[in-house]
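Peer 1: This is the structure I have questions about; it appears just below.
Rendered as structure tokens:
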């Protein structure tokens with residue numbers, strides 16, 4: 022049970038059950054779909070970007086506790102950040118999930134550090150990165166579907 | 016299944032006592048291991064079954080003693096390899112009770128067998144406006160080859176519905192049959208729900224309408240005695256790795272006159288009669304459909320797997336698995352918030368389920384941490400998931416070596432899951 026609690030931390034379970042910023046956005050400036058064909062997890066991400074700043078984020082979709090909480094915590098973490106900061110944060114999250122060390126990691130991840138346990142479960146890393154890949158697509162202005170495969 | 020036998024006689028032949036079960040389990044080396052600090056409880060048998068020592072040794076012996084190419088060399092090893100290869104064809108024939116061993120074509124598995132029929136038979140026989148009828152229960156491998164064929168030929172794919180229990184709606188299927196229906200393709204047992212389809216009845220309806228029937232028996236051959244003559248089907252496909260044999264080998268049964276009339280689908284060695292630059296003539300079935308050096312070791316392994324299953328006794332295995340399925344159903348109902356998906360009156364091999372508030376992938380990860388292996392996802396049946404209004408399910412599936420301890424371990428792990436996810 023201890024190993025499992027490392028993966029399913031209380032914050033992950035909480036955001037999995039009660040995702041924040043969940044729902045549609047009428048006046049999004051950017052949006053994208055994300056899809057994991059292996060498990061069928063889906064996310065639709067809405068962004069309102071103004072002057073290079075991500076002012077609002079919302080998402081819809083269906084997925085496991087890891088992918089839902091990852092999307093939820095991502096929307097919380099990025100509100101009010103610049104597009105460049107958002108991309109930098111993804112690089113750090115990605116490094117954490119794949120067990121890589123970046124300079125200057127500590128202190129920058131905030132609540133997102135709860136996903137560190139996922140790196141012990143290689144099959145679940147894609148659950149945690151789905152929302153972030155979708156973010157990347159939305160920011161790139163693409164209307165294609167971000168896929169984990 | 017019981018036929019004319021009295022109930023007592025049936026019980027006498029069909030029990031798998033605890034000692035026999037323990038002996039069977041001991042034949043499977045892979046079961047004897049720890050996973051994440053727990054003894055393995057393997058309940059993902061619908062994905063693939065494990066291999067008994069007898070199969071592993073048959074493959075090893077083939078490579079150690081007889082390895083050679085088949086149907087051509089004049090030397091001793093080639094002779095032995097050819098004899099072993101053709102002896103396995105006879106075993107497959109007897110296993111599904113085909114009338115003639117030339118009606119058995121070796122393929123990579125069920126998927127390749129269906130693609131073979133869709134290409135060779137479909138390409139020659141289907142045109143604009145012809146209809147292929149499948150069901151909502153199908154695996155992607157019995158959907159996509161027909162869609163690809165429809166795209167090439169202008170034929171139309173129609174889909175027979177199921178009810179909420181996961182049972183095929185026979186009347187609706189009958190209504191969908193038309194003079195344009197050329198092929199009805201359905202599974203014998205649903206890989207996702209375990210529902211057993213009334214195949215003989217479907218064959219009767221289809222034949223009355225002038226259509227052929229292809230049966231995807233991938234999930235039936237491990238759990239039921241399959242008899243192509245009794246079913247009266249036209250084609251039937253199954254995979255070796257789901258009946259305790261190696262991966263990468265399977266078989267297609269096709270009625271002799273249908274195979275004889277079909278053009279080849281892959282060209283190469285072994286499938287020809289005579290080749291010249293001005294043209295070639297083709298061998299008779301089954302060679303016509305077995306271009307290139309075949310998976311000889313796989314065929315030998317499949318033969319050994321059939322021997323193994325037959326010596327365990329398919330009726331005995333079926334009864335054991337049925338009892339275990341009932342036991343698992345009762346125990347699964349003890350878990351708060353759990354619903355079994357697929358409650359057909361006739362089921363075998365598997366229970367799909369969902370747990371309120373927990374995604375199947377999280378179920379899979381939690382169970383794995385207790386050494387319990389199940390499958391979570393759409394099970395390559397996305398249209399069925401859509402029909403059921405689900406994204407995914409968790410699925411526990413059984414084999415001849417599965418026992419009550421495996422089920423109890425599943426239940427204990429599910430109780431831990433509800434403890435972990437339950438509050439809130």
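Protein chains in written order, with our numbering: chain F, 22 to 170; chain C, 16 to 439. Ideal Cβ placement from N, Cα and C applies to all residues, glycine included.
#1: In whole angstroms, what is the alpha-carbon distance linking residue 275 of chain C and residue 421 of chain C?
#2: For residue 279 of chain C, does the count of other Cβ atoms within 10 angstroms reach 16, so buried, or fall short, so exposed?
#3: Quick check: what's the CA-CA separation for residue 340 of chain C versus residue 209 of chain C?
#4: Just to confirm my understanding: we take residue 40 of chain F, look at its own chain, exclude 5 residues before and 5 after, and list those with CB closer than 8 Å. What are they?
#5: So which of C/296, C/418, C/386, C/400 has the shortest CA-CA distance to residue 51 of chain C?
#6: Run the CB neighbour count on residue 194 of chain C, radius 10 Å, all protein chains shown included, and call it buried at 16 or more, exposed below.
#7: Can you tell me where the alpha helix (DSSP H) holding residue 3 of chain C begins and where it ends?
#8: Just how far apart, CA to CA, sit residue 358 of chain C and residue 293 of chain C?
#9: Helix, strand or coil, according to DSSP, for residue 231 of chain C in the structure here?
#10: I'd like the ranges of any beta strand (DSSP E) spanning at least 3 consecutive residues and lying wholly in the region 138 to 171 of chain C.
#11: Between residue 119 of chain C and the rest of its own chain, which residues show a CB-CB distance below 7 Å, the 5 nearest in sequence each way excluded?
#12: Any beta-carbon of chain C closer than 8 Å to the one on residue 29 of chain F?
#13: Tell me which residues of the region 40 to 61 of chain F have at least one Cβ-Cβ distance to chain C shorter than 8 Å, keeping chain order.
#14: Take residue 174 of chain C as the anchor and find which of C/437, C/402, C/418, C/416 has the nearest alpha-carbon.
#15: To test your reading of the DSSP string, which unbroken beta strand (DSSP E) runs of 3 or more residues are found completely within the region 269 to 310 of chain C?
#16: For residue 295 of chain C, count the other beta carbons within 10 Å of its own beta carbon; 16 or more makes it buried, fewer makes it exposed. Which is it?
#17: Using the Cβ count rule (16 or more neighbours within 10 Å means buried), how would you classify residue 78 of chain C?
#18: In three-state DSSP terms, what is residue 11 of chain C?
#19: If you draw a straight line from the C-alpha of residue 230 of chain C to the C-alpha of residue 311 of chain C, how long is it?
#20: Which residues in the same chain as residue 427 of chain C place their Cβ atom closer than 8 Å to its Cβ, once the five residues preceding and following it in sequence are excluded?
#21: Could you please give me the residues that DSSP links to residue 59 of chain C through a beta bridge?
#22: I'd like to confirm the pairing. Which residues does DSSP put opposite residue 173 of chain C in its beta bridges?
#23: Threshold first: 4 residues or longer. Then list the alpha helix (DSSP H) segments lying entirely within the region 202 to 255 of chain C, N to C.
#24: Compute every distance between the C-beta of residue 84 of chain C and the non-hydrogen atoms of the ligand ATP, then say whether any falls below 7 Å.
#25: Residue 372 of chain C touches chain F at which residues, Cβ-Cβ below 8 Å?
#26: Between the C-alpha atoms of residue 319 of chain C and residue 313 of chain C, what's the straight-line distance to the nearest angstrom?
#27: Around the C-beta of residue 324 of chain C, are 16 or more other C-beta atoms found within 10 angstroms, so that it is buried, or is it exposed?
#28: Go through its chain and collect everything with a Cβ distance to residue 95 of chain F's Cβ below 6 Å, but skip five positions before and after it.
#29: For the putative contact between residue 138 of chain F and residue 52 of chain F, defined by C-beta atoms under 8 Å, what is the C-beta separation to the nearest angstrom?
#30: Buried or exposed: residue 272 of chain C, going by 16 or more other Cβ atoms within 10 Å of its Cβ?
#31: Determine the closest residue to residue 145 of chain C out of C/369, C/156, C/198, C/177, with distance taken between C-alpha atoms.
#32: When burial is assigned at 16 or more other CB atoms within 10 Å of the CB, is residue 277 of chain C buried or exposed?
#33: With DSSP as the reference, please indicate the residues paired to residue 78 of chain F in a beta bridge.
Peer 2: On the basis of the coordinates in this document:
#1: 47 Å
#2: buried
#3: 10 Å
#4: 80, 89, 90, 92, 93
#5: C/386
#6: Exposed is the label assigned to residue 194 of chain C, since fewer than 16 other Cβ atoms lie within 10 Å of its Cβ.
#7: Residue 3 of chain C falls outside the range modelled here, since chain C spans only 16 to 439, and no answer is possible.
#8: 59 Å
#9: strand
#10: 146 to 150
#11: 104, 107, 108, 113, 266, 268, 301
#12: yes
#13: 59, 60, 61
#14: C/402
#15: Whole beta strand (DSSP E) segments, 3+ residues: 287 to 291, 294 to 297.
#16: exposed
#17: exposed
#18: With chain C running from 16 to 439 in the structure shown, residue 11 of chain C is simply not present.
#19: 25 Å
#20: 385
#21: DSSP lists C/412 as partners of residue 59 of chain C.
#22: Under DSSP, the beta-bridge partners assigned to residue 173 of chain C are C/148.
#23: 214 to 223, 243 to 246
#24: The ligand ATP is not part of this structure, which contains no ligands at all.
#25: 38
#26: 10 Å
#27: buried
#28: So the list reads 152, once near-sequence residues are dropped.
#29: Actually they are not in contact, since the Cβ atoms of residue 138 of chain F and residue 52 of chain F sit about 30 Å apart, beyond 8 Å.
#30: exposed
#31: C/198
#32: buried
#33: F/68
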